[in-house]
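S.K.:
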Amino acid sequence: MSVLTIKDLHAEVDGKEILKGVNLEIKGGETHAIMGPNGTGKSTLASVVMGHPKFTVTKGSVTLDGKNVLDMEVDERARAGLFLGMQSPAEVPGVTNSDFIKTAMNARLEEGKNVSLFKFILEYDKAVSELKMNEDLPHRYLNEGFSGGEKKRNEILQMKMLKPTIAILDEIDSGLDVDALKIVGENVTKMKSKDLGLLLITHYKRLLEYIEADFVHVMMVGKIVKSGGVELIKKIDTEGYDWIKKELGIEDVRVIVEEEEEKVLLGVCATKEALGL
Amino acid sequence: MFKYKNSVEVNKDIPSDISKFLTEDLTNYLVIKDGHIIAKQIDKSFEKVEINDIKEVIKNNNSIITNNQFLNSLEDEAYQYNLEEVNSGIIVYVPKNVAVTDTLHIFYIQEKTDLVNNTLIVLGENSELKYFEYLYNDGEASINFVSNSIVKENAKLTYSGLSKFSEKSVVSVIRNSYISRYGRSLYSIAEINDSMTDSKTNIFLQEQYASATTKTIAITSKEQSAKFTQLVEHNAPDTEGIIENYGVSNNNSALVFEGIGKINKNMKRSIARQQNRGIVLGVNSRLDANPLLLIDEYDVEASHGAAIGKIDEEQLYYLMSRGLTHKNAQRLIISGFLSPVTSLMTTKELIEDFIGSVENKTL
Chain A
134 MSVLTIKDLH AEVDGKEILK GVNLEIKGGE THAIMGPNGT GKSTLASVVM
184 GHPKFTVTKG SVTLDGKNVL DMEVDERARA GLFLGMQSPA EVPGVTNSDF
234 IKTAMNARLE EGKNVSLFKF ILEYDKAVSE LKMNEDLPHR YLNEGFSGGE
284 KKRNEILQMK MLKPTIAILD EIDSGLDVDA LKIVGENVTK MKSKDLGLLL
334 ITHYKRLLEY IEADFVHVMM VGKIVKSGGV ELIKKIDTEG YDWIKKELGI
384 EDVRVIVEEE EEKVLLGVCA TKEALGL
Chain B
579 MFKYKNSVEV NKDIPSDISK FLTEDLTNYL VIKDGHIIAK QIDKSFEKVE
629 INDIKEVIKN NNSIITNNQF LNSLEDEAYQ YNLEEVNSGI IVYVPKNVAV
679 TDTLHIFYIQ EKTDLVNNTL IVLGENSELK YFEYLYNDGE ASINFVSNSI
729 VKENAKLTYS GLSKFSEKSV VSVIRNSYIS RYGRSLYSIA EINDSMTDSK
779 TNIFLQEQYA SATTKTIAIT SKEQSAKFTQ LVEHNAPDTE GIIENYGVSN
829 NNSALVFEGI GKINKNMKRS IARQQNRGIV LGVNSRLDAN PLLLIDEYDV
879 EASHGAAIGK IDEEQLYYLM SRGLTHKNAQ RLIISGFLSP VTSLMTTKEL
929 IEDFIGSVEN KTL
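One line per chain: the protein sequences are A and B, in this order.
If you count the first sequence from 1, you need to add 133 to reach my numbering.
If you count the second sequence from 1, you need to add 578 to reach my numbering.
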């Protein structure tokens with residue numbers, strides 16, 4: 134049974150602090166849900182735990198079974214058992230889904246050892262059909278031209294194949310229609326075991342109708358401001374977040390203010406302009 | 579006009595770098611070393627195709643060379659030198675209405691003398707050919723490689739190749755294709771040379787409805803500098819040309835792509851498209867793409883684009899978040915990036931050689 138412990142975690146991007154002291158402990162067998170309005174740092178927390186290069190940790194600690202996660206490279210964290218189902222996973226042209234998963238599975242074995250091809254194909258095909266994805270998936274390029282829903286299902290497929298001990302699913306429900314949400318929910322629920330600690334990040338309670346959570350946390354201004362059980366979901370669903378804001382005296386819950394991207398003028402070579410040449 | 583220089587005698591030993599490809603899986607091949615055909619295995623599927631050594635063709639004053647309006651027309655110093663000094667070459671003639679589905683593989687090896695090669699491929703009306711060339715040397719040499727293709731009405735040429743010249747060589751490559759009405763050429767070349775290289779692919783769309791796609795993938799490393807020029811010239815209306823470049827530059831190397839889509843006056847309703855993509859791996863590497871559109875007609879469609887940058891951080895992060903090491907993630911991204919050419923390698927050995935060479939140059 135694995136334990137992920139986050140203590141007083143502070144992190145910033147471009148000198149701007151986004152996480153302002155997050156405390157959270159996830160044990161194998163537990164399912165946690167983090168809810169909260171937009172821009173409060175939920176996805177940042179997921180990215181920082183996984184080690185996205187954009188963020189700098191300024192204070193606090195993250196450990197997995199006592200080992201310092203912050204000292205590890207991204208790939209070491211993954212091999213230690215962490216998994217992040219991403220909100221908008223990258224597209225990688227020319228790399229097929231099956232090649233990618235196979236390489237990722239081999240990366241977990243000793244050097245020179247490979248997963249059995251036969252076993253791999255059986256397992257992969259099973260996962261594809263359980264997630265009701267198209268049979269041509271293994272030969273398609275990784276996330277390239279995928280719809281939002283397909284990308285999300287592909288994340289769950291990878292989780293099924295890689296069998297992490299701590300999995301964070303970052304807004305896995307966004308972009309999914311009701312049927313797809315149900316499929317994803319059922320598949321995640323089926324993976325639940327005492328060896329898997331789950332952290333779900335979501336805006337909506339919809340996802341939590343399909344994946345039951347044991348603990349619910351609310352995030353605002355870059356930290357967890359309220360924790361409780363499933364009763365918290367119900368209250369947020371009927372009353373929104375205002376009562377929490379009032380209780381804590383917070384006016385602006387956001388730590389991330391979206392900036393408008395700089396526009397590129399047409400009429401000149403757009404590529405050069407965008408590159409600042 | 580052609581003047582053939584007799585090259586030195588060679589032994590029939592095939593270097594191990596090449597003999598490893600000559601497996602059972604590889605059908606229909608020629609190995610030509612310093613101008614001499616030293617191995618040949620052609621099966622029945624090519625029985626109607628004439629494949630000849632250039633020196634025989636020149637000796638017999640064959641009309642295929644003497645009556646050819648295009649072959650002397652290109653104004654280019656390296657090209658003119660080639661005509662004066664040619665010492666190696668193959669003439670492939672696919673007669674009218676002959677369509678071959680198997681691929682013809684030609685391995686060109688330079689060993690003792692500087693290589694001046696001239697290969698000519700002529701496709702008669704309604705014919706079809708798949709041609710693959712592998713250019714190789716190991717040592718110090720000057721290489722002047724020319725190939726011309728004449729694609730007649732409604733014929734289709736698929737021309738692919740892999741080029742691996744050594745670090746100590748100086749290389750000039752010119753590939754020309756002249757395409758008639760409804761004719762089609764598809765050029766895909768992987769340039770994995772370690773040499774100083776100046777490579778040109780010139781496509782001439784000579785008659786209405788002719789079309790061509792030309793793809794180059796190039797990787798430069800160490801102190802290498804290389805330039806790849808692709809020209810598609812529209813000499814008839816309703817013609818279509820597509821240029822694609824994929825490049826990776828590593829270490830202290832410099833790689834330049836010149837893509838030129840040229841639509842001449844009155845060549846109405848022609849289409850010229852161009853795409854350049856590049857990854858700059860090393861801190862001191864350079865990669866320049868100069869996409870040019872030279873258009874002297876209003877009624878056309880044209881586009882060009884270039885996307886050059888470091889290896890995508892988000893892609894790296896994504897692959898690493900699934901447990902791949904930085905090295906493996908980078909390797910997978912680059913092999914994916916170059917996949918438009920991988921699919922042209924016909925046997926397992928050729929694919930492995932391609933991937934292996936790419937990895938060596940991108941370490």
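Note that the Cβ used here is the ideal one computed from N, Cα and C, for glycine as well.
Between B:Val-678, B:Ile-687, B:Asp-654, B:Ser-651, which has its C-alpha nearest B:Asn-665's C-alpha?
M.R.: It is B:Ile-687.
S.K.: For A:Glu-209, which of helix, strand or coil comes out of DSSP?
M.R.: Note: A:Glu-209 maps to helix in three-state DSSP.
S.K.: For the beta strand (DSSP E) containing B:Phe-723, list its first residue and its last residue.
M.R.: Unbroken beta strand (DSSP E) run through B:Phe-723: 720 to 729.
S.K.: Less than 8 Å separating the beta-carbons of B:Ile-629 and B:Ile-592?
M.R.: No, the pair does not count as a contact, with Cβ atoms beyond the cut-off.
S.K.: What number of angstroms, rounded off, separates the C-alpha of A:Asp-385 from the C-alpha of A:Leu-332?
M.R.: Cα to Cα, the separation comes out at about 25 Å.
S.K.: What does B:Leu-900 reach in chain A if we use C-beta pairs closer than 7 Å?
M.R.: What sits at residue 900 of chain B in the sequence shown is Arg, not Leu. In chain order: Ala-211, Ala-237, Gln-291, Leu-295.
S.K.: Name the DSSP bridge partner or partners of A:Glu-145?
M.R.: Its beta-bridge partners are A:Glu-150, A:Thr-189.
S.K.: Name the chain B residues whose beta carbon is nearer than 9 Å to that of A:Ala-240?
M.R.: Here the neighbours are Arg-900, Gly-901, Leu-902, Thr-903, Asn-906.
S.K.: On the premise that B:Tyr-824 lies in contact with B:Pro-918, defined as a C-beta separation below 8 Å, what is that separation, rounded to the nearest angstrom?
M.R.: The Cβ separation is near 6 Å, so the contact holds.
S.K.: For A:Tyr-374, count neighbouring Cβ atoms within 10 angstroms of its own Cβ and tell me buried if that reaches 16, exposed if not.
M.R.: By the neighbour-count rule (16 or more Cβ atoms within 10 Å), A:Tyr-374 is buried.
S.K.: Going by C-alpha distance, which of B:Thr-903, B:Glu-703, B:Asp-603, B:Asn-854 is nearest B:His-882?
M.R.: Measuring from the Cα of B:His-882, the nearest candidate turns out to be B:Asn-854.
S.K.: Which residue wins for smallest C-alpha separation from A:Val-358, given the options A:Met-219, A:Val-146, A:Gly-169?
M.R.: Considering only alpha carbons, the answer is A:Gly-169.
S.K.: Pick out whichever of A:Ile-139, A:Ala-166, A:Glu-206, A:Val-248 has its Cα sitting closest to the Cα of A:His-185.
M.R.: Of the listed residues, the one whose Cα sits closest to A:His-185 is A:Glu-206.
S.K.: Check distances from the C-beta atoms of the stretch 164 to 195 of chain A to those of chain B and list, in chain order, the residues that come in under 7 Å.
M.R.: Flagged, chain order: Met-183, His-185, Pro-186.
S.K.: Taking only beta-carbon atoms, is A:Gly-227 less than 8 Å away from chain B?
M.R.: A:Gly-227 counts as touching chain B.
S.K.: The stretch 143 to 160 of chain A: which residues have C-beta closer than 9 Å to a C-beta of chain B, in chain order?
M.R.: So nothing in the stretch comes that close.
S.K.: Return no unless some Cβ of chain B is closer than 8 Å to the Cβ of A:Asp-303.
M.R.: A:Asp-303 does not count as touching chain B.
S.K.: Mind checking whether the beta-carbon of B:Ser-725 lies closer than 7 Å to any heavy atom of the ligand SAH?
M.R.: With respect to the ligand SAH, the structure offers nothing, as it holds no ligand at all.
S.K.: Output yes or no for whether 8 Å exceeds the beta carbon distance between B:Lys-843 and B:Glu-822.
M.R.: No, the pair does not count as a contact, with Cβ atoms beyond the cut-off.
S.K.: Reducing DSSP to helix, strand and coil, say where A:Arg-286 ends up.
M.R.: Helix at A:Arg-286.
S.K.: So what's A:Gly-330 in DSSP terms, helix, strand or just coil?
M.R.: Of the three classes helix, strand and coil, the one that applies to A:Gly-330 here is strand, per DSSP.
S.K.: Assuming B:Asn-868 and B:Met-845 make a contact with CB atoms under 8 Å, what is their CB distance in whole Å?
M.R.: About 22 Å separates the two Cβ atoms, so there is no contact after all.
S.K.: Can you tell me which of the three DSSP states B:Asp-772 falls into?
M.R.: Residue state, collapsed to three classes: coil.
S.K.: In the DSSP output, which residue or residues are listed as bridge partners for A:Tyr-257?
M.R.: Beta-bridge pairing links A:Tyr-257 to no other residue.
S.K.: Tell me the DSSP secondary structure of B:Asn-788 in three-state form.
M.R.: Correcting the residue identity first, residue 788 of chain B is Ala in this sequence and not Asn. Note: B:Ala-788 maps to coil in three-state DSSP.
S.K.: Going by beta carbon distance, what residues of the same chain come within less than 6 Å of A:Lys-338, once the five residues before and after it are set aside?
M.R.: Excluding residues within five positions, the ones whose Cβ falls inside 6 Å are Ile-366, Asp-370.
S.K.: Taking the Cβ atom as the reference point for each residue, do B:Phe-723 and B:Tyr-607 lie within a distance shorter than 8 Å?
M.R.: In this structure, B:Tyr-607 does not lie closer than 8 Å to B:Phe-723 by Cβ.
S.K.: Residues of the stretch 333 to 344 of chain A with a CB closer than 9 Å to any CB of chain B: list them in chain order, please.
M.R.: So the list is empty, because no residue satisfies the distance condition.
S.K.: List the endpoints of the continuous alpha helix (DSSP H) containing B:Ile-632.
M.R.: From DSSP, the alpha helix (DSSP H) with B:Ile-632 extends over 632 to 637.
S.K.: So who's on the other strand from B:Arg-759, going by DSSP bridges?
M.R.: BP columns for B:Arg-759 are empty, so no partner.
S.K.: With 8 Å set as the bound, which would you pick, yes or no: does the beta-carbon of B:Ile-911 sit closer than that to a beta-carbon of chain A?
M.R.: Cβ-Cβ to chain A under 8 Å: yes for B:Ile-911.
S.K.: Determine the closest residue to B:Asn-754 out of B:Ala-788, B:Asn-828, B:Ile-699, B:Gly-717, with distance taken between C-alpha atoms.
M.R.: Comparing Cα-Cα distances from B:Asn-754 to each of B:Ala-788, B:Asn-828, B:Ile-699, B:Gly-717, the minimum goes to B:Ile-699.
S.K.: In terms of residue numbering, what span does the alpha helix (DSSP H) encompassing A:Val-358 cover?
M.R.: That residue, A:Val-358, is in no alpha helix (DSSP H); its beta strand (DSSP E) goes 356 to 361.
S.K.: Ends of the alpha helix (DSSP H) at B:Thr-940?
M.R.: Where B:Thr-940 is concerned, the enclosing alpha helix (DSSP H) stretches over 926 to 940.
S.K.: Identify whether B:Phe-599 lies in helix, strand or coil by the three-state DSSP scheme.
M.R.: Coil.
S.K.: Hey, how far is the Cα of B:Ser-720 from the Cα of B:Leu-661?
M.R.: Their backbone Cα atoms lie some 16 Å apart in a straight line.
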